[in-house]
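First up is the structure itself, then whatever we jot down about it.
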Amino acid sequence: MTNQQTQVPVTPAASGAPVASAEAAAPVHIPFGDPGGLGLAAFALTTFVLSVINAGWLNADLTPTVFGLAIFYGGIGQLIAGVWEFANRNTFAAVAFSSYGGFWLSYYFLASSTKLGDDAAKGVGVYLIAWGIFTLYMTIAALRTTNVVLSVFVALTLTFFALAIAELAGAELIGKVGGYLGLITAVLAWYGSFAAVTNSTFKRPVLPVGPRA
Numbered sequence: 102m103t104n105q106q107t108q109v110p111v112t113p114a115a116s117g118a119p120v121a122s123a124e125a126a127a128p129v130h131i132p133f134g135d136p137g138g139l140g141l142a143a144f145a146l147t148t149f150v151l152s153v154i155n156a157g158w159l160n161a162d163l164t165p166t167v168f169g170l171a172i173f174y175g176g177i178g179q180l181i182a183g184v185w186e187f188a189n190r191n192t193f194a195a196v197a198f199s200s201y202g203g204f205w206l207s208y209y210f211l212a213s214s215t216k217l218g219d220d221a222a223k224g225v226g227v228y229l230i231a232w233g234i235f236t237l238y239m240t241i242a243a244l245r246t247t248n249v250v251l252s253v254f255v256a257l258t259l260t261f262f263a264l265a266i267a268e269l270a271g272a273e274l275i276g277k278v279g280g281y282l283g284l285i286t287a288v289l290a291w292y293g294s295f296a297a298v299t300n301s302t303f304k305r306p307v308l309p310v311g312p313r314a
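The working numbering numbers the first residue of the sequence shown as 102 and each following residue consecutively.
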C-alpha cells in the first residue's frame, strides 16, 4: 500500500482571512405583499357609505356617520396602502392610494367645517372639480392597468363631476345621480379588492380582473 497524503482545502477561516458568506454579502430582499386589496377595500367601503347618503337613501343629517371611516379607513388605510405601493415600486397605485387617502382626510375637515359661509356650495364644487381633474388623468394612466381598475376610475371620474355640477348648479337631482355613480364605483372597487385577496390567497386567478395592457 502506498501512503497517500490527504489534501485539506485551505479555507479563508483556516488561513486567518476574514469570512464573508454569500448570505452576509448579499442583502436579503423581503418582498412586500400586495396592498391593493386593502386600498381598494378602504376606498370602496367609505365611498359606499357616503354614496348611500348622496343618493338619498338616508337623510343628509347622517353624513357625520362617514367621518370616522373617512379618517381611519378611507384616509389612513389608503395612505398605508399607498406607502406600501411605493415600496413595491408601483407608482400608479402609490399615487392613487396616497391621494385618495388624502382626499378622505380632507373631506372630513371640509364636511365637518362650520365656517364656509354662504358660498360653501361654490367652494365644495371647485373642490370636487379639482378631484375630478386628478381622477381624469389617472384614468388615462389606468389604461395600462387592469379592466377592473380602469372601470373604477371611469366611474369615479363621472362621480366627481356629477357631484361638482350638483353643488355649483344647486341641482339636487344631479347630486343623486352622483350618489348612484358613487355606489357603482364602490361596488367595482369592492370587486377589485375581492379579486386581489382571493387570487392571492388561492395562489391562482380565481376571479378575473381583465388583462394587463
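For every residue, glycine included, the Cβ atom is placed at its ideal position computed from N, Cα and C.
Owing to the predicted nature of the structure, the values given are computational and were not obtained by experimental measurement.
Boundaries of the alpha helix (DSSP H) in which residue i is found, first to last residue
i      : result
Thr147 : 137 to 155
Asn189 : Taken as a continuous stretch (DSSP letters only), Asn189 belongs to no alpha helix (DSSP H), as it is neither H nor E.
Gly311 : Run containing Gly311: none; DSSP gives neither H nor E here.
Gly175 : Neither: Gly175 is in no alpha helix (DSSP H) and is coded neither H nor E.
Anticipated Cβ contact below 8 Å, residue i with residue j, distance rounded
i      : j      : result
Leu206 : Ala171 : 7 Å
Gly202 : Gly183 : 6 Å
Thr246 : Phe193 : 6 Å
Phe168 : Ser213 : 6 Å
Ala265 : Ile230 : 5 Å
Gly137 : Ala297 : 5 Å
Leu251 : Leu244 : 6 Å
Gly176 : Val249 : That belief does not hold up - the Cβ atoms of Gly176 and Val249 are roughly 23 Å apart, past 8 Å.
Coarse secondary structure for residue i, derived from DSSP in three states
i      : result
Thr246 : coil
Phe133 : coil
Tyr209 : helix
Asn160 : coil
Ser214 : coil
Gly306 : In the sequence on display, residue 306 carries Pro and not Gly. In the structure shown, Pro306 sits in coil (DSSP, three-state: anything other than H, G, I, E or B).
Ala125 : Note on Ala125: pLDDT 46, under 50, position unreliable in the model; no value is reported.
Cβ contact (3+ pairs, closer than 8 Å) linking the segment 289 to 304 and the segment 137 to 152: Enough Cβ pairs lie closer than 8 Å, so yes.
contact_flag[the segment 150 to 157, the segment 279 to 286] where n(CB pairs < 8 Å) is 3 or more: A contact exists between the segment 150 to 157 and the segment 279 to 286.
Touch test, the segment 252 to 266 against the segment 205 to 224, Cβ-Cβ under 8 Å, three pairs minimum: The way I'd put it, the segment 252 to 266 doesn't touch the segment 205 to 224; fewer than three beta-carbon pairs between them come closer than 8 Å.
Contiguous alpha helix (DSSP H) assignments of at least 4 residues, all confined to the segment 216 to 279: If we require 4 residues or more, the alpha helix (DSSP H) runs fully inside the segment 216 to 279 come out as 221 to 243, 248 to 270.
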